[in-house]
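Structure first, then comments.
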Amino acid sequence: ARGIGPVDENVLVELEEALILADAGADLAGEYVVALRAKWRRGELPDIAALRLELKKMITNTLAPRMAPIPVAPPYPFVVLVIGVNGVGKTTTIGKIAHLLREEGHPVLLAAGDTFRAAAIGQLRVWAERVGADIIHHKEGSDSSAVVFDSLRAAKARGTHVVLIDTAGRLHTKTHLMEEMRKVVRVIGREIPGAPQEILLVLDATNGRNAITQAKTFQEVIGVTGIVLTKLDGTAKGGMVLSVTKETDVPIRFVGVGETIDDLRPFDAESFASALF
Amino acid sequence: NLSEKFQGVLKNLRGHGRISEGNIEEALREVRLALLEADVNYKVVKEFTAAVRSKALGAEVMASLSPDQHFIKIVHDGMTSMMGGEAQDLDLARRPPVPVMLVGLQGSGKTTSCGKLALHLQKKKRRPFLVPADVYRPAAIEQLKVLGSQIGIPVFDSDPNADPVDICREAVRQADLTGCDTVLLDTAGRLHVDEELMEELRRIKEAVDPGDILLVADAMTGQDAVNVAKAFHEKVGLTGVLLTKMDGDARGGAALSIRAVTGAPIKFVGVGEKLDALEAFFPDRMASRILG
Ligand SMILES: Nc1nc2c(ncn2[C@@H]2O[C@H](COP(=O)(O)OP(=O)(O)OP(=O)(O)O)[C@@H](O)[C@H]2O)c(=O)[nH]1
Ligand SMILES: Nc1nc2c(ncn2[C@@H]2O[C@H](COP(=O)(O)OP(=O)(O)OP(=O)(O)O)[C@@H](O)[C@H]2O)c(=O)[nH]1
Ligand SMILES: [Mg+2]
Ligand SMILES: [Mg+2]
């Protein structure tokens, strides 16, 4: 039943399966199918094409309100704190965002706030060089808050427009690491009132239901004002973002679609919905 | 967790005295939903619940257990046996130096796991050699060098402009000359749909003939786990799996999915960011975790 012909129960089952395989979750997939079945029974969906279009519309409508760019604006520096669990693509995403900002003419400073992981500072330094951004870093093993503090000082002194703060990956279940992040937020706020203006949570599209727990916990404990969904260039569809959207009402700023400097797209609800099933 | 959700459903089973066609469907539905919520792949869930159904309906009544207890036992035992048998170690029973390849998606924990395996081998009185074969990611070579220095294990001085296949071949040669008996090859993260990079893995395998090829997979991986595992397995043949970030709260259903589509044993579990955070894999513990 691939796209042409009349609707029957098999088609609905297939769509439910496709949504589950896209990590939308069994409950949400079930809800969509219940809604589609009702429309079909009322005669509103004459064929499979109409059914698929309707599902795409429903998903787009759920996600469209989440499309909004990072509101970079004076007074500068505009501070972006980048957080998330281990390995999701925080450091790489910072490089990509810095590149976009540089292309728009903004002076950018990167803060090497991951003072824990091996070669994290070295990795960010390569990105700073690639995009033409300043970077502030201390030695590996130093205090992350101290780096952040120095970075904000430097940004104010140099007239930097945007500061992107890299942080160590941390599982949301590690209370002491979440507490460390709350401390960093306080340090930022004391140094620059109103900062950080953006707390950007990076989520990995290859994750399953745990992405929802991550989003809820980070939002609850630290606060989240924007989301980036990475690794959509693989075969994972990132359907968890539908539940993330329902449970937190955080804008999705970008999607990551690769490992190089240009592989960042503004989040588009309709293209995301089209690719989902 | 499953037993809580089950209470209502199982009370129904208990009331009927034995498991039958009539009362099992609701229980199976709860199992199915629990497994999907735990990120077990949809198709694997279907196969598993079908197997549970036939076992439960075909089973003799167990005198010592009520039908609901019996049902939970079938589910738990079925999952444990699907997870694989006893904990296994690296396959080191061959003439040294034994190369071990670590492969997987971006960010899954390969480099860190290389360091962990090196420490594990050192504790077992072996002489490991760490090889950075990732020439793409910024500071990847530096990352493995830092880890090696933290535990006093030699690291091959990879040339970032070299071909990873040549790096691996040269490193195994150097291990041989310096008396190292196990060579841990840290490969770059790659998409299973990147033909060129998947071909690079096949060429590395061909060049060094590894004793083990481990898929390093993130415990938080969702439905996509089967696609990834199948592709890596078909390209290079996996001999084992290392499941990382198990110190989080992901239920880890990807483990069952990966096992189901590759048959490869899960050999190790990563339980933290430090190099000593590596444990053997216990199938029954994983089954309990997935079932919640
Ligand atoms: N295919 C693909 N890979 C990505 C994407 N974003 C990041 N990566 C890769 O994912 C891996 C991890 O990226 P990092 O930027 O180091 O992730 P991180 O969150 O900073 O990791 P930690 O600091 O260790 O927690 C690297 O190999 C990146 O190149 C993406 O959108 N697509
Ligand atoms: N909490 C936790 N973090 C882990 C574990 N294993 C690795 N990590 C972290 O996950 C992140 C990514 O680890 P890497 O070793 O850089 O991952 P990788 O697979 O080599 O990444 P690429 O080379 O970019 O593909 C780092 O922050 C590690 O510290 C684990 O078992 N638990
Ligand atoms: Mg990082
Ligand atoms: Mg690596």
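Going line by line, the protein sequences match chains A and B. In this text, residue positions in the first sequence follow the numbering used here: the first is 1, and each later residue adds one. In this text, residue positions in the second sequence follow the numbering used here: the first is 278, and each later residue adds one. Idealized CB from N, CA, C, for every residue including glycine.
How about residue i: is its C-beta nearer than 9 Å to some C-beta of chain A?
i, result
"residue 531 of chain B", "yes"
"residue 383 of chain B", "yes"
"residue 556 of chain B", "no"
"residue 562 of chain B", "no"
"residue 526 of chain B", "yes"
"residue 316 of chain B", "yes"
"residue 576 of chain B", "Since the displayed chain B opens at 278 and closes at 569, residue 576 of chain B lies outside it and no answer follows."
"residue 346 of chain B", "no"
"residue 427 of chain B", "yes"
Does any residue of chain B bring its CB to less than 9 Å from the CB of residue i?
i, result
"residue 166 of chain A", "no"
"residue 21 of chain A", "yes"
"residue 220 of chain A", "no"
"residue 210 of chain A", "yes"
"residue 1 of chain A", "Caution applies to residue 1 of chain A, whose pLDDT of 45 falls short of 50 and renders its modelled position unreliable; the value that the coordinates give is listed next. It does not: the Cβ of residue 1 of chain A has no partner Cβ on chain B nearer than 9 Å."
"residue 172 of chain A", "yes"
"residue 268 of chain A", "no"
"residue 105 of chain A", "no"
"residue 262 of chain A", "no"
"residue 143 of chain A", "no"
"residue 78 of chain A", "no"
"residue 132 of chain A", "no"
"residue 254 of chain A", "no"
"residue 204 of chain A", "yes"
"residue 259 of chain A", "yes"
"residue 116 of chain A", "yes"
Give the residues of chain B in contact with residue i, contact being defined as C-beta atoms less than 7 Å apart.
i, result
"residue 123 of chain A", "415, 416"
"residue 119 of chain A", "416, 419, 420, 423"
"residue 127 of chain A", "415"
"residue 207 of chain A", "497, 498, 499"
"residue 150 of chain A", "Those do not exist, as residue 150 of chain A stays about 21 Å from chain B at its closest Cβ, beyond 7 Å."
"residue 54 of chain A", "The contacting residues do not exist; residue 54 of chain A stays about 22 Å from chain B at best."
"residue 213 of chain A", "526"
"residue 17 of chain A", "319"
"residue 9 of chain A", "Ordered by position in chain B, no residue passes the 7 Å Cβ test against residue 9 of chain A, which lies about 17 Å from the chain."
How far does the alpha helix (DSSP H) with residue i in it reach, from first residue to last?
i, result
"residue 134 of chain A", "Where residue 134 of chain A is concerned, there is no enclosing alpha helix (DSSP H), although the beta strand (DSSP E) it sits in stretches over 134-136."
"residue 31 of chain A", "26-41"
"residue 357 of chain B", "344-360"
"residue 272 of chain A", "269-276"
"residue 229 of chain A", "Here residue 229 of chain A belongs to no alpha helix (DSSP H); instead the beta strand (DSSP E) covers 226-230."
"residue 535 of chain B", "531-539"
"residue 369 of chain B", "Run containing residue 369 of chain B: none; DSSP gives neither H nor E here."
"residue 150 of chain A", "144-158"
Could you name the residues of chain A that residue i contacts, counting a contact when the two beta carbons are closer than 7 Å?
i, result
"residue 504 of chain B", "235"
For residue i, name the three-state secondary structure that DSSP assigns.
i, result
"residue 384 of chain B", "coil"
"residue 317 of chain B", "coil"
"residue 7 of chain A", "coil"
"residue 1 of chain A", "Reliability of the predicted coordinates at residue 1 of chain A is poor, the pLDDT of 45 falling under 50, and the value obtained from them is presented with this limitation in mind. Looking at residue 1 of chain A - three-state DSSP - the assignment turns out to be coil, as it is neither helix nor strand."
"residue 450 of chain B", "helix"
"residue 376 of chain B", "strand"
"residue 196 of chain A", "coil"
"residue 67 of chain A", "strand"
"residue 558 of chain B", "coil"
"residue 544 of chain B", "strand"
"residue 406 of chain B", "strand"
"residue 255 of chain A", "strand"
"residue 264 of chain A", "strand"
"residue 55 of chain A", "helix"
"residue 171 of chain A", "coil"
"residue 518 of chain B", "strand"
Could you spell out the range, first to last residue, of the beta strand (DSSP E) harbouring residue i?
i, result
"residue 246 of chain A", "Not the beta strand (DSSP E): residue 246 of chain A falls in the alpha helix (DSSP H), residues 240-247."
"residue 166 of chain A", "162-166"
Can you list the residues of chain A that residue i reaches, using a CB-CB cut of under 9 Å?
i, result
"residue 310 of chain B", "26, 27"
Applying a beta-carbon distance threshold of less than 8 Å, which residues of chain E neighbour residue i?
i, result
"residue 86 of chain A", "Included in the structure are the protein chains A and B, with no chain E among them."
For residue i, return the contacting residues in chain A, with the cut-off set at a CB-CB distance below 8 Å.
i, result
"residue 470 of chain B", "234, 235"
"residue 334 of chain B", "In chain order: nothing, as chain A lies at least about 24 Å away."
Just to make sure I have the definition right: I need the residues of chain B whose C-beta is within less than 8 Å of the C-beta of residue i. Which are they?
i, result
"residue 240 of chain A", "499"
"residue 89 of chain A", "383, 384"
Using the beta-carbon of each residue, which ones in chain B are nearer than 9 Å to residue i?
i, result
"residue 231 of chain A", "382, 383, 384, 468"
Any heavy atom of ligand 5 within a distance shorter than 8 Å of the CB on residue i?
i, result
"residue 385 of chain B", "Only ligand 1, ligand 2, ligand 3 and ligand 4 can be found as ligands here, which leaves ligand 5 out of the picture."
Could you name each continuous alpha helix (DSSP H) segment of 4 residues or more that falls completely within the stretch 76-125 of chain A, going from the start of the chain to the end?
90-103
Which residue spans inside the stretch 408-440 of chain B form an unbroken alpha helix (DSSP H) run of at least 4?
417-428
Please give me, in chain order, every unbroken run of the alpha helix (DSSP H) with length at least 4 that falls completely inside the stretch 464-516 of chain B.
472-485, 502-513
Secondary structure, beta strand (DSSP E): runs of 3+ residues fully inside the stretch 175-223 of chain A
198-204
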